[in-house]
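Here is the structure we will look at, set down as structure tokens.
Protein chains: 2
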Amino acid sequence: MQSGLPHLQSIFTTDCVIFGFKEGELKVLLIERNEYPFKGWWALPGFFVEHNETIDDAVKRILYEHTGLRGIFMEQLYTFGDLKRHPQGRIITVAYYALLRLDDLKSQPEPVTDYARQAVWHPLNDLPELAFDHRHIIDKSIMKVRRKISYSPIAFELLPEKFTLTQLQQLYEAIWGRKLDKRNFRKKMLNYNILKELPEFQRGVSYRAARLYKLDKRKYAKVFQNELTFSKD
Amino acid sequence: MQSGLPHLQSIFTTDCVIFGFKEGELKVLLIERNEYPFKGWWALPGFFVEHNETIDDAVKRILYEHTGLRGIFMEQLYTFGDLKRHPQGRIITVAYYALLRLDDLKSQPEPVTDYARQAVWHPLNDLPELAFDHRHIIDKSIMKVRRKISYSPIAFELLPEKFTLTQLQQLYEAIWGRKLDKRNFRKKMLNYNILKELPEFQRGVSYRAARLYKLDKRKYAKVFQNELTFSKD
DNA sequence: ATTTAATAGTGTAACAAATACACACTATAT
DNA sequence: ATATAGTGTGTATTTGTTACACTATTAAAT
Numbered sequence: 002m003q004s005g006l007p008h009l010q011s012i013f014t015t016d017c018v019i020f021g022f023k024e025g026e027l028k029v030l031l032i033e034r035n036e037y038p039f040k041g042w043w044a045l046p047g048f049f050v051e052h053n054e055t056i057d058d059a060v061k062r063i064l065y066e067h068t069g070l071r072g073i074f075m076e077q078l079y080t081f082g083d084l085k086r087h088p089q090g091r092i093i094t095v096a097y098y099a100l101l102r103l104d105d106l107k108s109q110p111e112p113v114t115d116y117a118r119q120a121v122w123h124p125l126n127d128l129p130e131l132a133f134d135h136r137h138i139i140d141k142s143i144m145k146v147r148r149k150i151s152y153s154p155i156a157f158e159l160l161p162e163k164f165t166l167t168q169l170q171q172l173y174e175a176i177w178g179r180k181l182d183k184r185n186f187r188k189k190m191l192n193y194n195i196l197k198e199l200p201e202f203q204r205g206v207s208y209r210a211a212r213l214y215k216l217d218k219r220k221y222a223k224v225f226q227n228e229l230t231f232s233k234d
Numbered sequence: 002m003q004s005g006l007p008h009l010q011s012i013f014t015t016d017c018v019i020f021g022f023k024e025g026e027l028k029v030l031l032i033e034r035n036e037y038p039f040k041g042w043w044a045l046p047g048f049f050v051e052h053n054e055t056i057d058d059a060v061k062r063i064l065y066e067h068t069g070l071r072g073i074f075m076e077q078l079y080t081f082g083d084l085k086r087h088p089q090g091r092i093i094t095v096a097y098y099a100l101l102r103l104d105d106l107k108s109q110p111e112p113v114t115d116y117a118r119q120a121v122w123h124p125l126n127d128l129p130e131l132a133f134d135h136r137h138i139i140d141k142s143i144m145k146v147r148r149k150i151s152y153s154p155i156a157f158e159l160l161p162e163k164f165t166l167t168q169l170q171q172l173y174e175a176i177w178g179r180k181l182d183k184r185n186f187r188k189k190m191l192n193y194n195i196l197k198e199l200p201e202f203q204r205g206v207s208y209r210a211a212r213l214y215k216l217d218k219r220k221y222a223k224v225f226q227n228e229l230t231f232s233k234d
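Chains A and L supply the protein sequences, listed in that same order. Under my numbering, residues 2 to 234 are what the first sequence spells out, in order. Under my numbering, residues 2 to 234 are what the second sequence spells out, in order.
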């Protein structure tokens, strides 16, 4: 509690693991810190929770500052309170993760605050060394997402509204880190009856036009109780 | 932040949902508050987190004060930070749940602290009205436990070291709130190969002695990835 | 001694879900 | 014309899930 940290509102912070999906890869938004401690290091976007806002609101604020978007899917992950996680004393952080359609972004993220020098998307599989215990927080997030996509349709939060089954499969493969069988994936995914087949096609990277689908939100809830698994590899 | 709450260490608290299992019922340990606000109301055991302890340590302290036991299974549940959850201002609470073998208790729990007038086990299905948002916290805990027993062997934390398959099944039934098929339950549970058959039997409530089992801790981990489900009813 | 009541313990057949697996079709680039 | 990259499709096998009913044992009551 030295060094000019504001007092009443500085006891705890939030940090947010923002996931995006592009080019078949999962990405995480990191900021380059412009403040001590860890000045110049990469870190998760996060900030002190103000005294008159809920934690959720603080996270929404951080998300908006970094992406310019509202209404992003987010969920509380875990609260970290190790005595040594912050060099300036025991600062508790409530960590969240958020899932973002990268296509919705108008431009590269620009940090609105001055605590960050820049904000950059990093591939999840090639992260730089991170400040504080942020690496640990990211690891815990990805494990949660990995589990959660098998029983709830959160994966769709990472895709554009209209998507091909191939894109959806690539997303699952990226999150789980293993290849899935195309025929089994499609069979199972379509069987859940939560996808609406659109009359449109998309050329994309492929040489052949692929059918577009979108999530049928009315049928969303059904899957929430089931478990999804896919196989081969 | 009025009325004499300590400052630096009073910004957030922990509350702990302590589950126990006895007489075929899930129970929750509640205290009767002896302090304002909500003096005389039933509430979850909980307290301010001291400035030099981790959140986990604070919960362990609370568990020990109320049960006299150490090494109890516990896990962080969620952090609640609504502006209106506490009448004296925004006090954040990190909620935990704990699973306890009631047989390990030497005696009825006696509150060691003076913020509680008494501590009493309440059946989960017949709870009194609770202080703060504690009812909400309990609801969220039971949902987590319900989910978690299907992919991890936490249920055993609620049973004595040696138990019969009937006891184990009753526990699952209590947590899920529905009857399970005896033959299917046994078949599946034994197939997981995480139970060690003991050469001992126990009479218990039954008229016929029943085989005792214990958890085989070496094989524990295997189940952690699978999902368990049982059927009929 | 016999009966009653409570509980332990056991197997199989039908069905559903998960898995492994390979080729033809189309558009594009050269 | 041909090579390339990606879409889309069906079946047989194995595995897991479900429904279902009786006998054996013992304590307690008569």
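The beta carbon of each residue, even a glycine, is placed where N, CA and C say it ideally should be.
{"Item": "If you run the structure through DSSP and keep just helix, strand and coil, what is Glu-66/A?", "Value": "helix"}
{"Item": "Using a beta-carbon distance cut-off of less than 9 Å, what residues from the region 75–93 of chain A approach chain L?", "Value": "Gln-77, Tyr-79, Thr-80, Phe-81, Gly-82, Asp-83, Leu-84, Gly-90, Arg-91, Ile-93"}
{"Item": "Please name the residue in Gly-21/A, Ala-132/A, Asp-104/A, Tyr-97/A whose C-alpha comes closest to that of Lys-61/A.", "Value": "Tyr-97/A"}
{"Item": "Give a yes or no on contact between the region 124–139 of chain A and the region 187–198 of chain A, applying the rule of three or more CB pairs nearer than 8 Å.", "Value": "no"}
{"Item": "Does Phe-49/A have its Cβ less than 8 Å from a Cβ in chain L?", "Value": "no"}
{"Item": "Can you check whether the C-beta of Val-146/A is within less than 8 Å of a C-beta belonging to chain L?", "Value": "no"}
{"Item": "For the region 109–134 of chain A, which segments carrying the beta strand (DSSP E) assignment without a break, of at least 3 residues, lie completely within its bounds, in sequence order?", "Value": "117–124"}
{"Item": "Using a threshold of 8 Å, state whether the C-beta atoms of Val-121/L and Leu-31/L are closer than that.", "Value": "yes"}
{"Item": "Are any of the Cβ atoms in chain L nearer than 8 Å to that of His-123/A?", "Value": "no"}
{"Item": "Could you have a look at Tyr-167/L and say whether DSSP puts it in helix, strand or coil?", "Value": "The sequence shown places Thr at residue 167/L, not Tyr. If DSSP states are grouped into helix, strand and coil, Thr-167/L belongs with the helices."}
{"Item": "Quick one: which chain L residues come within Cβ less than 8 Å of Ile-56/A?", "Value": "Thr-80, Gly-82, Ile-93"}
{"Item": "Can you check the region 137–212 of chain A for any alpha helix (DSSP H) of at least 4 residues that lies completely inside it and give the ranges in chain order?", "Value": "166–177, 183–192"}
{"Item": "With DSSP as the reference, identify every bridge partner of Lys-40/A, one or two as the case may be.", "Value": "Note: Lys-40/A sits in no beta bridge, so no partner."}
{"Item": "Give the straight-line distance between the Cα atoms of Tyr-37/A and Thr-114/A, rounded to the nearest whole angstrom.", "Value": "15 Å"}
{"Item": "When the cut-off is 8 Å and only beta carbons count, does Phe-13/A lie next to chain L?", "Value": "yes"}
{"Item": "Please name the residues in the region 134–165 of chain A whose beta-carbon is closer than 7 Å to at least one beta-carbon of chain L, in chain order.", "Value": "none"}
{"Item": "Would the beta-carbon of Gly-25/A fall within 8 Å of that of Ala-175/A?", "Value": "yes"}
{"Item": "Does the distance from the C-beta atom of Phe-22/A to that of Leu-172/A stay below 8 Å?", "Value": "yes"}
{"Item": "Following the continuous beta strand (DSSP E) through Ile-32/A, name the residue where it begins and the one where it ends.", "Value": "26–34"}
{"Item": "Anyone know if the C-beta pair for Ile-92/L and Phe-13/L falls short of 8 Å?", "Value": "yes"}
{"Item": "My output table needs one value for Val-50/L: the three-state DSSP class, helix, strand or coil.", "Value": "coil"}
{"Item": "So, for Glu-158/L: in the same chain, excluding its five sequence neighbours on each side, which residues have a beta-carbon less than 6 Å away from its beta-carbon?", "Value": "Phe-74, Leu-100"}
{"Item": "Please report the straight-line C-alpha distance between Tyr-116/L and Arg-34/L, rounded to a whole angstrom.", "Value": "6 Å"}
{"Item": "Based on the DSSP secondary-structure assignment, which residues constitute the bridge partners of Gln-77/L?", "Value": "Tyr-97/L"}
{"Item": "State the start and end residues of the unbroken beta strand (DSSP E) segment that holds Ile-19/L.", "Value": "13–23"}
{"Item": "Distance check for Leu-128/A and His-123/L, CA to CA, integer angstroms please.", "Value": "48 Å"}
{"Item": "By the criterion of Cβ-Cβ separation under 7 Å, what are the contact partners of His-67/A in chain L?", "Value": "Chain L residues near His-67/A: none, gap ~21 Å exceeds 7 Å."}
{"Item": "State the Cα-Cα distance for the pair Arg-179/A and Arg-147/A, rounded to the nearest angstrom.", "Value": "12 Å"}
{"Item": "Roughly how many whole angstroms lie between the Cα atoms of Glu-51/L and Pro-88/A?", "Value": "18 Å"}
{"Item": "Go ahead and label Phe-202/A buried or exposed: buried means 16 or more other beta carbons lie within 10 angstroms of its beta carbon, across all protein chains shown.", "Value": "exposed"}
{"Item": "For a quick check, are the C-beta atoms of Ala-132/L and Trp-42/L less than 8 Å apart?", "Value": "yes"}
{"Item": "Using 10 angstroms around the beta-carbon of Gln-168/A, count the other beta-carbons present and answer buried if the total reaches 16, otherwise exposed.", "Value": "buried"}
{"Item": "On the criterion of 16 or more Cβ atoms from any shown chain inside 10 Å, does Tyr-208/L qualify as buried, or is it exposed?", "Value": "exposed"}
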